[in-house]
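Asks: Numbering (the working numbering), first residue to last: 18 to 284. What follows is a single structure, and I will ask about it in a moment.
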């Protein structure tokens, strides 16, 4: 009796599970708004802005991306491109650049905004996108030579089962957290590379200083040796001149005292 009840429950629950999940997903709100804030040290707002707007380099520091395809001509303040992921997903993105760069003194904060309009779908299924929404980046300078990056996502997930999956397992912050994690690694690698370059430059400066000091020391030794030789030659010349002078005086004295007596004249 108990066994038959269990079999009946299993036979009823298993087919109805997807329907139950679908109903729960329909009860969840379709739209959501979330945000993440991250602070970075030793980087300027201009450099962070360059990283975020250099979409061609995204596959170099985002491991999930395979390539970037431009779907329209590049414009100054708007880029339309497609991110092709390694999991056969395609993310069509329109990047709108808004640079509010105000300089009214050192204490003036700098805000730069870039909006991404995202449409995510699969390469295998030609149906409605899984996710549609916008990302808004806001960069603000801090007083300690750092920046604060704030990303706000306004998204809409059309599939009820995907909404429930994000709520229970994946979380709506998954995309933002993954993006910020990859971005943090990119910034850290750049900082380490800059430190390495600075160390190499310092070592090269020390080597150049050593070479310069050695060259100056060799030059001073050479000048000292040359001066010593010149002094020695001058002393030799003076001594030779003095010897010649003494010899001439001696010869003159010899001629005076050794002059022969003249013969007497007979008248």
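All residues carry an ideal CB built from backbone N, CA and C; glycine is no exception. Please read all numbers here as calculations on a predicted model, not as lab measurements.
Helix, strand or coil for residue 172 per DSSP?
Replies: strand
Asks: Helix, strand or coil: how does DSSP classify residue 285 here?
Replies: Not covered by the structure: residue 285. The range shown for the chain is 18 to 284.
Asks: Have a look at residue 79 and residue 196 and give me their C-alpha separation to the nearest angstrom.
Replies: 8 Å
Asks: Closer than 8 Å by C-beta to residue 88: which residues in its own chain qualify, once you throw out the five before and the five after it? Chain order, please.
Replies: 97, 98, 99, 109
Asks: Could you work out which residue in 46, 43, 52, 36 is closest to residue 190 when comparing CA atoms only?
Replies: Residue 52 is the option with its Cα nearest to residue 190.
Asks: Using the C-alpha atoms, what's the distance from residue 48 back to residue 183?
Replies: 12 Å
Asks: Can you tell me which of the three DSSP states residue 133 falls into?
Replies: strand
Asks: Given residue 82, which residues of its chain have a CB within under 8 Å of its CB, disregarding the five upstream and five downstream residues?
Replies: 75, 76, 100, 101, 102, 103
Asks: Quick one, are the C-beta atoms of residue 164 and residue 62 less than 8 Å apart?
Replies: yes
Asks: From the DSSP output, in three-state form, read off residue 51 for me.
Replies: Strand, per DSSP.
Asks: For residue 129, tell me which candidate among 111, 155, 145 has the shortest Cα-Cα distance.
Replies: 155
Asks: Shortest alpha-carbon distance to residue 113 belongs to which of 69, 106, 105?
Replies: 69
Asks: Below 8 Å between beta carbons: does that hold for residue 152 and residue 180?
Replies: No. Outside cutoff.
Asks: In the DSSP assignment, find the unbroken alpha helix (DSSP H) run with residue 104 in it and report its ends.
Replies: Taken as a continuous stretch (DSSP letters only), residue 104 belongs to no alpha helix (DSSP H), as it is neither H nor E.
Asks: Answer with buried or exposed for residue 232, where buried requires no fewer than 16 other C-beta atoms within 10 angstroms of its C-beta.
Replies: So residue 232 counts as exposed.
Asks: What number of angstroms, rounded off, separates the C-alpha of residue 242 from the C-alpha of residue 234?
Replies: 12 Å
Asks: Name the residue from 65, 64, 95, 86 whose alpha carbon lies nearest to the alpha carbon of residue 73.
Replies: Ranked by Cα distance from residue 73, the first of 65, 64, 95, 86 is 86.
Asks: What residue from 171, 199, 204, 177 has the CA that sits closest to residue 44's CA?
Replies: Taking only the C-alpha atoms, the option nearest residue 44 is 177.
Asks: Should residue 59 and residue 221 be called a contact, given that it needs their Cβ atoms to be closer than 8 Å?
Replies: The answer is no: Cβ separation not under 8 Å.
Asks: By the DSSP assignment, the beta strand (DSSP E) with residue 82 in it spans what residues?
Replies: Here the beta strand (DSSP E) through residue 82 covers 82-87.
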